[in-house]
Each structure stands twice: as structure tokens, then as C-alpha cells.
Amino acid sequence: MSAEGAAAGLEPSVASLQLSLLPARRDDLPAILRLEEEGFAPDERWSERSWAGELLGQGRTVLLARGAQPAGVVALSTVGELADLHRVVVAPTHRRQGVGLRLVRAGLLAVRHAGARAVMLEVEWTNEAATALYARLGFEQLHVRRDYYGPGRHALIMKLYDLETWPGRFAEAVRDTETDLAAERTGFEPSAEPAPEPEEAP
Ligand SMILES: CC(C)(COP(=O)(O)OP(=O)(O)OC[C@H]1O[C@@H](n2cnc3c(N)ncnc32)[C@H](O)[C@@H]1OP(=O)(O)O)[C@@H](O)C(=O)NCCC(=O)NCCS
């Protein structure tokens with residue numbers, strides 16, 4: 001790692017992309033909505049209200065990969081010992097460079113820090129990029145929710161069973177990200193502001 005990267009506490013390839021992974025703030029909302037527009041078809045996009053709920057809600061963790069332009073965002077929630085991975089999106093210009101992997105990894109560390117012991121998510125079964133990413137980090141398929149996103153659009157429910165001992169046998173997948181701990185260093189305090197009601201399913 002370069003001296004600059006080491007000084008910034010960044011993992012090498014994230015440092016070479018000049019990105020850092022840090023908690024998102026309320027004023028990051030426009031940038032997050034741009035990522036959302038780039039990442040999802042119009043009928044799959046979350047609204048501004050939904051993202052505001054993620055940013056302001058109790059027990060939420062939202063991390064932004066910050067660079068010259070925000071390159072990606074991940075959102076999770078924690079209730080007791082169970083966390084939910086709600087969303088991850090990486091700008092098309094930054095894909096296949098490990099940004100998604102590092103964002104989700106940092107999110108998992110943050111929710112573990114908040115007390116989570118397992119993590120659930122749902123993902124459309126045709127979303128190969130996301131399912132491969134989640135499987136690589138240790139998520140296993142729990143079941144299929146048929147037609148969850150519409151006719152023929154099934155959801156895979158995936159679970160990371162043991163966050164306490166994670167990454168365990170998945171250490172290899174995350175081995176080269178281990179100094180990338182902006183989230184863990186920062187810690188996450190749930191916002192005191194009340195969350196708006198979510199208006200749509202993730
Ligand atoms: C899913 C997504 C976040 C992945 O982000 P990314 O930064 O490109 O992912 P990474 O570079 O960290 O990839 C890590 C691993 O995931 C898997 N992966 C990522 N993209 C993949 C693809 N298009 N096809 C197959 N596997 C893929 C690979 O195992 C990859 O490792 P490798 O590059 O060494 O082969 C990104 O494609 C995206 O933003 N998609 C649109 C939004 C979305 O569908 N989000 C998920 C549902 S909320």
C-alpha cells in the first residue's frame with residue numbers, strides 16, 4: 001500500500017480509485033438518487049422518500065463510496081440481532097473494480113458493530129451480478145418468493161447466518177479488503193430523527 005493510502009486507511013485498490021467508504025449524510029441524497037437512476041430501471045428505482053427513510057431512520061446504516069463523484073452506496077438496517085441488506089448500487093463507470101464487494105463488506109462490519117448476528121436480503125433471481133456478489137461474501141439461498149417483483153419475477157431470499165464469526169471460510173473473498181475499515185472505525189449511531197414510512201418494497 002502506498003504511504004498515502006496507508007495514511008488514509010484505505011485498501012489499495014480503493015485508494016487507487018481514490019474512494020473512501022464513509023457514512024452517508026442527509027445532504028448526500030441528490031448523489032444517491034443519481035446512483036439510483038444509473039443503477040435501476042425506472043420501475044425499480046427507489047424514491048427520494050424511501051432513501052430519506054434510509055438516511056434518517058432508526059438503526060440504519062448507509063455507506064457511500066466517496067470520490068470525485070460518489071461511486072456507490074449500500075443501505076442496511078439492524079433490529080436486534082438481525083440485519084437486512086436493503087440496497088447496494090455501484091455507478092456503471094466503477095463496476096467490476098471491487099467497489100460493491102467493499103461496500104457490502106463495510107456494511108456487514110457496521111451492522112455487526114451495531115449488534116447484528118445474521119443478515120437477510122432479497123434479490124431478483126435474474127440479477128446475476130448481485131447474487132454472485134452476495135454468494136461470494138457468504139450469503140446462502142434460504143428460499144424463493146415467487147412473483148415477488150411481479151409476474152415471473154421471483155425473489156431469492158438469502159441469509160448470512162453467522163455474522164459473529166464472519167468471514168470464516170469466506171475470508172479469502174474479503175482478504176484483500178481488510179484494511180478498508182472506514183465504517184468500523186467510524187461506528188454507527190442510529191439517527192434520533194423519526195423515519196418516514198417506507199412507501200415501497202425494496
Ligand atoms: C451488483 C453491483 C452492486 C456489483 O457491484 P460491483 O462493484 O460491480 O461488484 P464488484 O466489482 O465488487 O464484484 C465483486 C464480485 O461480485 C461478482 N460480480 C459482480 N458483478 C458481476 C457480474 N456482472 N456478473 C457476474 N458476477 C459479478 C463477481 O464475483 C465479482 O468478483 P470478480 O470481479 O473478481 O469476478 C452492481 O452490478 C450494481 O450496482 N448493479 C445494479 C444495482 C443492483 O442490481 N443492485 C443489487 C440489488 S439492490
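Under full-length UniProt numbering, the sequence shown has 71 at position 71, and the numbering climbs by one with no breaks.
The C-beta atom is built at its ideal place from N, Cα and C for all residues, glycine as well.
What first and last residue would you give for the alpha helix (DSSP H) that runs through residue i?
| i | result |
| --- | --- |
| Gly-39 | 29-39 |
| Ala-110 | 99-113 |
| Leu-137 | 128-137 |
| Arg-87 | It is not in any alpha helix (DSSP H) - Arg-87 instead sits in the beta strand (DSSP E) that spans 82-90. |
| Ser-50 | 48-56 |
| Glu-172 | 171-174 |
Helix, strand or coil: which one does DSSP assign to residue i?
| i | result |
| --- | --- |
| Asp-147 | coil |
| Ser-77 | strand |
| His-154 | coil |
| Pro-42 | helix |
| Glu-122 | strand |
| Asp-180 | Confidence at Asp-180 is low in this model, with a pLDDT of 47, below 50, so its placement is unreliable and no value can be given for it. |
| His-94 | helix |
Can you tell me whether residue i sits near ligand 2, meaning its C-beta is under 7 Å from at least one heavy atom of the ligand?
| i | result |
| --- | --- |
| Arg-145 | Among the ligands modelled here, namely ligand 1, ligand 2 does not occur. |
Between which two residues does the beta strand (DSSP E) harbouring residue i extend?
| i | result |
| --- | --- |
| Ala-65 | 60-66 |
| Leu-22 | 20-23 |
Taking residue i as the reference, give the member of the options with the closest Cα.
| i | options | result |
| --- | --- | --- |
| Gly-80 | Gly-115, Val-174, Val-62, Gly-152 | Gly-115 |
| Glu-140 | Glu-124, Met-120, Leu-76 | Met-120 |
| His-94 | Arg-25, Gln-18, Arg-45 | Gln-18 |
| Met-158 | Leu-29, Ala-135, Pro-42, Val-89 | Ala-135 |
| Ala-173 | Gly-98, Thr-126, Leu-163 | Gly-98 |
| Leu-21 | Val-90, Val-144, Ser-77 | Val-90 |
| Val-62 | Ser-77, Pro-42, Leu-160 | Ser-77 |
| Leu-29 | Leu-142, Trp-51, Ala-83, Glu-44 | Trp-51 |
| Ala-24 | Gly-59, Thr-165, Ala-41, Ala-65 | Ala-65 |
| residue 203 | Ala-171, Ala-118, Leu-156, Glu-48 | Nothing can be reported for residue 203, as the shown portion of the chain is limited to 1 through 202. |
| Leu-142 | Ala-171, Phe-170, Glu-122 | Glu-122 |
| Thr-165 | His-154, Leu-137, Val-144 | Leu-137 |
Subject >> Contact between the stretch 140-155 and the stretch 111-119 (3+ Cβ pairs under 8 Å) >> reply: no
Original post:
Pairing CB atoms from the stretch 61-76 with CB atoms from the stretch 31-51, are three or more of them under 8 Å?
Top reply: yes
Subject >> At least three beta-carbon pairs within less than 8 Å, the stretch 49-60 to the stretch 92-110 >> reply: no
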